[in-house]
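K.L.:
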Amino acid sequence: MYFISTRGGEKVTGAQAIVQGLAKNGGLFVPETFPKITDEEMSTMAEMSYPERAAFVLGKYLGEELGYDYLKESCEKAYSSFEGNDPVPLVKIDGETGLYVMELYHGPTCAFKDMALTVLPYLLKKSCEVTGIDDEILILAATSGDTGKAALEGFRDVKGTKVAVFYPDEGVAKMQRLQMTVQDGNNVFVAAVEGNFDDCQRAVKRLFASEEFNAELAKKKTRLSSANSINFGRLAPQIAYYFSAYLDLLTAGQIEMGDKIDFVVPTGNFGDILAGWYAKQMGLPVRKLVCASNRNKVLADFFKKGVYDVKRDFHRTMSPSMDILVSSNLERLLFEISGRDAKCTAQRMQDLAEKKEYSITEKEKAILDEEFFGGFAREDDTVEAMYEIFDEYGYAMDTHTGVALAVYMKWEEARKKIDEKDATPVIVLSTANPYKFPQDVLYALSGNDVKDSFKGIKRLHLLTAMKPPKSLLDLRYRTPRFKTKVKNDLNAMAALILEFADGKIVPTPEEK
Ligand SMILES: *Cc1c(COP(=O)(O)O)cnc(C)c1O
């Protein structure tokens with residue numbers, strides 16, 4: 002199967018798309034056509050384990066090139082690092098209203114990024130093999146908090162790779178920062194950037210596009226690849242859990258084959274929800290995709306008005322992984338709703354860079370209205386939603402999932418206005434373990450403020466009786482290895498990466 006750039010000009014194989022990450026002209030790779038999964042295949046998938054289901058979906062895009070058996074083996078290895086019997090439990094919150102939560106956070110770093118970043122190293126390794134690339138691969142990632150850790154953990158000590166992660170100095174939660182700065186491994190590098198996530202992401206994308214920088218790396222027999230959701234290899238494993246959740250409802254007798262369901266997705270870079278839209282293109286019976294934003298509600302405004310406008314203040318919230326104004330993956334959706342018009346998509350991206358806004362046509366807006374519902378939650382809406390669900394059902398969730406729940410409540414109202422008897426099942430995607438944001442979660446559930454994250458974990462444990470992940474508890478006794486802070490400056494970041502590629506950056510050894 003081939004992949005094309007949203008900005009035209011390039012056509013590559015899946016393996017090339019994964020190795021390269023981003024198209025040369027700055028566009029994103031999208032499948033040339035969407036492969037379909039039939040009802041018969043869905044019935045077969047219903048009998049499968051989660052790793053088998055994931056491999057089946059991946060196989061539709063990459064099977065011919067990377068081999069079905071390899072994909073299956075890779076998914077099995079990747080998801081064996083998850084806690085519990087089921088890597089992706091679907092929890093029934095309220096059978097009557099049809100509310101379910103899909104927990105995507107049982108991987109090694111306690112956030113949904115593990116769903117893809119535990120698999121990506123396998124995809125990348127094989128992709129290098131089949132494309133005959135033997136350069137060292139340098140994974141360059143900008144992170145709003147969770148991608149960084151998941152990429153570091155996924156690629157730690159993987160032969161032939163190095164990982165460099167840039168996070169916004171003031172933009173991540175305490176546990177997220179600790180998780181990254183204590184990272185083990187001999188092929189990793191972490192630095193804080195002065196600025197917010199958008200600054201980090203913009204810089205990283207420009208480095209990908211810089212011929213000069215790539216030439217410098219080439220001299221060191223090194224090439225860049227991406228662990229952000231701009232890489233199709235990151236997106237593909239995320240499509241699988243939409244299918245899997247549907248199949249879980251099916252096997253539990255909650256729906257019949259062909260019944261439509263809704264998904265609510267806490268959104269930042271638009272990768273997670275785009276994977277849901279891709280699942281729909283592949284044949285999954287999805288009615289609405291509900292796009293939930295926090296106070297940084299560019300997307301909610303976009304769905305309402307058809308104008309993407311980033312001329313606004315950036316807010317820091319309790320859901321830092323969603324504090325994003327420029328959502329990269331929206332480009333892939335724009336490409337589709339424009340009728341795959343690469344020229345138009347490129348123009349819009351140029352407008353966004355230069356004029357800080359673009360708008361879509363009435364016709365395109367009508368497509369979005371049909372497929373999506375956009376909403377946002379203020380901080381107090383989020384706290385209220387988290388409290389309500391805990392109070393009524395005893396279910397604790399993290400702050401990002403809290404945003405989704407708050408927007409679910411708005412969707413619930415909206416759909417009842419259209420049809421009072423509407424009982425379509427709704428699956429809310431839960432993207433992080435509550436213990437990753439212990440102070441904010443504790444505050445939402447109990448009104449208690451604690452100064453210290455680890456005290457927060459302890460109190461939260463007393464309150465919810467949920468088991469805290471060992472990987473987070475252990476952070477308390479670790480000393481950061483990475484203390485580098487860099488200005489939001491392309492040259493400064495490039496220089497650091499080149500030094501790292503040369504093996505000249507030696508992190509502080511951990512004090513014992
Ligand atoms: C990354 C992240 C999100 C947003 O996902 P996108 O794919 O960027 O839209 C939401 N919640 C958490 C906890 C995350 O780490």
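Numbered by our numbering, the letters in the sequence shown go through residues 2 to 513 in order. Idealized CB from N, CA, C, for every residue including glycine.
For the alpha helix (DSSP H) holding P52, just list the boundary residues, first then last.
P.N.:
Y51 to L67
K.L.:
Taking the straight line between their C-alpha atoms, what separation do you get for F198 and V327?
P.N.:
9 Å
K.L.:
Apply the 10 Å Cβ neighbour rule to Q21 and answer buried if 16 or more other Cβ atoms are within range, or exposed otherwise.
P.N.:
buried
K.L.:
First and last residue of the beta strand (DSSP E) that includes L225?
P.N.:
T223 to S227
K.L.:
Excluding the five sequence neighbours on either side, which residues of its own chain have a C-beta within less than 7 Å of the C-beta of D158, listed in chain order?
P.N.:
Cβ contact annotation for D158 (same chain, cutoff 7 Å, sequence separation greater than five): G186, N187 and N188, in chain order.
K.L.:
For chain B, find out if any of its Cβ atoms is closer than 8 Å to the Cβ of Y168; answer yes or no.
P.N.:
Within the model displayed, chain B is absent; a lone protein chain is all it includes.
K.L.:
Going by Cα to Cα distance, which pick from I262, E41 and G27 is closest to R416?
P.N.:
I262
K.L.:
Let me check you understand the geometry: is the CB of M116 closer than 7 Å to at least one non-hydrogen atom of ligand 1?
P.N.:
Outside the cutoff, so no.
K.L.:
Do G172 and D324 have their CB atoms nearer than 8 Å?
P.N.:
yes
K.L.:
Restricting to Cα atoms, I'd like to know which of R317, S320, F167 and N297 is closest to D310.
P.N.:
Of the listed residues, the one whose Cα sits closest to D310 is N297.
K.L.:
In chain order, what residues of the same chain have a beta carbon less than 7 Å from the beta carbon of T7, not counting five sequence neighbours either side?
P.N.:
G28, L29, V31, E332, R333, F336, A343 and T346
K.L.:
Can the beta-carbon of T400 be found less than 8 Å from the beta-carbon of S431?
P.N.:
No, Cβ-Cβ distance for T400 and S431 is not below 8 Å.
K.L.:
Out of curiosity, what's the CA-to-CA distance linking A496 and L208?
P.N.:
11 Å
K.L.:
Go to F336, then tell me how far its alpha helix (DSSP H) extends in each direction, as first and last residue.
P.N.:
L331 to I338
K.L.:
Taking the Cβ atom as the reference point for each residue, do L125 and G284 lie within a distance shorter than 8 Å?
P.N.:
Their beta carbons are not under 8 Å apart, which means L125 does not touch G284 by this criterion.
K.L.:
Going by other Cβ atoms of all chains shown within 10 Å of its Cβ, with 16 needed for buried, is M258 buried or exposed?
P.N.:
exposed
K.L.:
In the structure shown, what three-state DSSP assignment does T400 receive?
P.N.:
helix
K.L.:
Classify I361 as helix, strand or coil using the three-state DSSP reduction.
P.N.:
Coil, per DSSP.
K.L.:
Over what stretch of residues does the beta strand (DSSP E) that includes T162 continue unbroken?
P.N.:
T162 to P169
K.L.:
In terms of residues, what are the limits of the beta strand (DSSP E) holding M103?
P.N.:
L100 to E104
K.L.:
Can you name the residues that DSSP bridges to I138?
P.N.:
T162 and R224
K.L.:
How would you label G155, buried or exposed, when you count the other beta carbons within 10 angstroms and need 16 or more for buried?
P.N.:
buried
K.L.:
What residues match up with L290 in a beta bridge as DSSP calls it?
P.N.:
F264 and F373
K.L.:
Just the Cα atoms here: how many angstroms apart are K25 and E11?
P.N.:
8 Å
K.L.:
Could you have a look at S6 and say whether DSSP puts it in helix, strand or coil?
P.N.:
strand
K.L.:
Just to confirm, is the Cβ distance from Q184 to L153 under 8 Å?
P.N.:
yes
K.L.:
Does the beta-carbon of G375 have 16 or more other beta-carbons within 10 angstroms, so that it is buried, or is it exposed?
P.N.:
A buried status is given to G375, since no fewer than 16 other beta-carbon atoms sit within 10 Å of its beta-carbon.
K.L.:
Under 8 Å, do A445 and Y388 count as touching if we go by C-beta distance?
P.N.:
yes
K.L.:
How far does the beta strand (DSSP E) with T14 in it reach, from first residue to last?
P.N.:
It spans K12 to T14 - the beta strand (DSSP E) in which T14 sits, taken as one unbroken run.
K.L.:
CA-CA distance, V442 and N330?
P.N.:
28 Å
K.L.:
Can you tell me which of the three DSSP states K93 falls into?
P.N.:
strand
K.L.:
What residue range is occupied by the uninterrupted alpha helix (DSSP H) comprising P439?
P.N.:
P439 to S447
K.L.:
Is it right to say N460 is buried, meaning 16 or more other beta carbons lie within 10 angstroms of its own, or is it exposed?
P.N.:
Checking the sequence, you will find Arg at residue 460 rather than Asn. Result: buried.
K.L.:
Using DSSP bridges, identify the partner residues of Y309.
P.N.:
Y359
K.L.:
Would you report the Cα separation of G15 and L251, rounded to the nearest angstrom?
P.N.:
Roughly 31 Å separates the two Cα atoms.
K.L.:
Hey, quick one: how far does the alpha helix (DSSP H) through F30 stretch, first residue to last?
P.N.:
Here F30 belongs to no alpha helix (DSSP H); instead the beta strand (DSSP E) covers F30 to P32.
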